[in-house]
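A.B. asks: Sending over a structure as structure tokens; questions will come in a sec.
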Amino acid sequence: MGLELVNQKFDAEIEKLKQDDEVLAVMGYGSYFKGRFKSGSDIDLILIRDGEDISYKKKVFNEGLEFEFRYVTEDFLLELLSRRHGPTIKHMLEATIVSDPNGIAEKLKQYAIDITAKSIDETFPHDARREKALVIESLHRKIHQVKDHPGFFEFACSKLLLNLADAFIRLHCHWGLQGFRESTRQLKAIDPKVHQQFESAMAPNPQELRMENIDALYHLVIDALGGVVAVKESVLSMGVEQVINTIEN
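What follows is the structure, given as structure tokens:
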């Protein structure tokens, strides 16, 4: 499907949404709005609606073109932004305002801009950093316990590295890790050396080399989070806890 036809279908879908009294504003994000749309991709839209304070997604198909609508209320988005919810901040910053007759989308976008104008301490405060440090410490200790069990090691390794990546990114930007596929791109943009260590730890290298990079990343991130905290088993993820119990029993 050519881009001209995609644009026509997009315009037609937007006109339908403008006629819907419950849709107060429309914002778009993703490849279509970044000029990187490819055949087979979907078009992502945030539909700010009237009604109950809920959020849900809906797939819509228009003669071979797929849309993903995320229905959400203004109050729900404001609540997420007030809690400094990273992904919502990023969506609001990057989203294109498609339809906004009452200025609701513009207000939300400005709210996100105002948040990012402040210190990262606003979105990643001391208590959140200590909680994250507890999780990372627990996962790091457990990964050393399961290193002789290849399958369990890979599972625990992924959990630890994603938490390390998320913490490191959150220390440098307001929205944290944006999914596993985006992790290397985000890390590389912040610090190429850390990105290289992360890649080496994830790759199927000799375990000794992987552990060397994992330990280096662990100490770097823990120090940046404020130092070591006494480990509490209660903060362990259920997935890793279950793996460890299986091994020990």
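Under my numbering, think of the first position of the sequence shown as 5, with each following residue one higher. Ideal Cβ positions, reconstructed from N, Cα and C, are used throughout, including at glycine.
Measure the Cβ-Cβ separation of ALA171 and LYS136 and say whether it is below 8 angstroms.
C.D. replies: Here residue 171 refers to the residue found at position 167 when the sequence shown is read from its first residue. Here residue 136 refers to the residue found at position 132 when the sequence shown is read from its first residue. Yes.
A.B. asks: Less than 8 angstroms between the C-beta atoms of LYS94 and GLN182, yes or no?
C.D. replies: The residue you call residue 94 lines up with position 90 of the sequence shown. The residue you call residue 182 lines up with position 178 of the sequence shown. Their beta carbons are under 8 angstroms apart, which means LYS94 touches GLN182 by this criterion.
A.B. asks: List, from N- to C-terminal side, the beta strand (DSSP E) runs of 3 residues or more that fit wholly inside the stretch 82-136.
C.D. replies: 100-103
A.B. asks: Give the DSSP-derived three-state secondary structure of ILE47 in the structure shown.
C.D. replies: Stepping through the sequence shown from its first residue, residue 47 is reached at position 43. Of the three classes helix, strand and coil, the one that applies to ILE47 here is strand, per DSSP.
A.B. asks: Quick one: measure Cβ to Cβ for LEU175 and ALA228, integer angstroms, because I've assumed they're closer than 8 angstroms.
C.D. replies: As a position in the sequence shown, residue 175 is number 171, starting the count at 1. As a position in the sequence shown, residue 228 is number 224, starting the count at 1. The Cβ separation is near 5 angstroms, so the contact holds.
A.B. asks: Please classify GLY155: does DSSP put it in a helix, a strand, or coil?
C.D. replies: Within the sequence shown, numbered from 1, the residue matching residue 155 stands at position 151. Per DSSP, reduced to three states, the secondary structure at GLY155 is helical.
A.B. asks: Is ARG87 near the ligand FAD, with its Cβ less than 7 angstroms from a heavy atom?
C.D. replies: Ligands in the displayed structure: none, and consequently the ligand FAD is not present.
A.B. asks: Quick one: measure Cβ to Cβ for ASP46 and PHE73, integer angstroms, because I've assumed they're closer than 8 angstroms.
C.D. replies: The residue you call residue 46 lines up with position 42 of the sequence shown. The residue you call residue 73 lines up with position 69 of the sequence shown. That pair is no contact at about 10 angstroms.
A.B. asks: Does DSSP put PHE65 in a helix, in a strand, or in coil?
C.D. replies: The count along the sequence shown starts at 1 and reaches residue 65 at position 61. Note: PHE65 maps to strand in three-state DSSP.
A.B. asks: Under three-state DSSP, which class holds SER59?
C.D. replies: As a working note, residue 59 is residue 55 in the sequence shown. Looking at SER59 - three-state DSSP - the assignment turns out to be strand.
A.B. asks: Per DSSP, ILE52 is paired with what?
C.D. replies: On the sequence shown, position 48 is the one that residue 52 refers to. DSSP output for ILE52 lists ALA29 and VAL76 as bridge partner(s).
A.B. asks: Going by DSSP, what residue range makes up the alpha helix (DSSP H) through PHE184?
C.D. replies: Locating residue 184 in the sequence shown gives position 180, counting from the first residue. Element bounds for PHE184: 184-194.
A.B. asks: To the nearest angstrom, report how far apart ASN106 and ASN167 are at their CA atoms.
C.D. replies: Against the sequence shown, residue 106 aligns to sequence position 102. Against the sequence shown, residue 167 aligns to sequence position 163. Rounded to whole angstroms, ASN106 to ASN167 spans 40 angstroms at the Cα level.
A.B. asks: What residue does the alpha helix (DSSP H) around GLN211 start on, and which one ends it?
C.D. replies: Sequence index remark: in the sequence shown, residue 211 carries index 207 (1-based). It spans 211-229 - the alpha helix (DSSP H) in which GLN211 sits, taken as one unbroken run.
A.B. asks: Whose CA, out of GLY68, PHE128 and ILE50, lies closest to the CA of ARG87?
C.D. replies: The residue labelled residue 87 in the question sits at position 83 within the sequence shown. Comparing Cα-Cα distances from ARG87 to each of GLY68, PHE128 and ILE50, the minimum goes to PHE128.
A.B. asks: Using the three-state DSSP reduction, which class does PHE202 fall into: helix, strand or coil?
C.D. replies: Taking the sequence shown and counting its residues from 1, one reaches residue 202 at position 198. The answer is helix: DSSP assigns PHE202 an H, G or I state.
A.B. asks: Considering only the beta carbon of each residue, do ILE173 and ILE218 sit closer than 8 angstroms?
C.D. replies: Translated into positions along the sequence shown, residue 173 becomes position 169. Translated into positions along the sequence shown, residue 218 becomes position 214. Against a cut-off of 8 angstroms, the Cβ pair of ILE218 and ILE173 comes out as no contact.
A.B. asks: Can you tell me whether TYR222 is buried or exposed? The criterion is at least 16 other CB atoms within 10 Å of its CB, across all chains shown.
C.D. replies: Along the sequence shown, one-based indexing puts residue 222 at 218. That one is buried.
A.B. asks: Using three-state DSSP, classify PHE71 as helix, strand or coil.
C.D. replies: On the sequence shown, position 67 is the one that residue 71 refers to. Three-state result, PHE71: strand.
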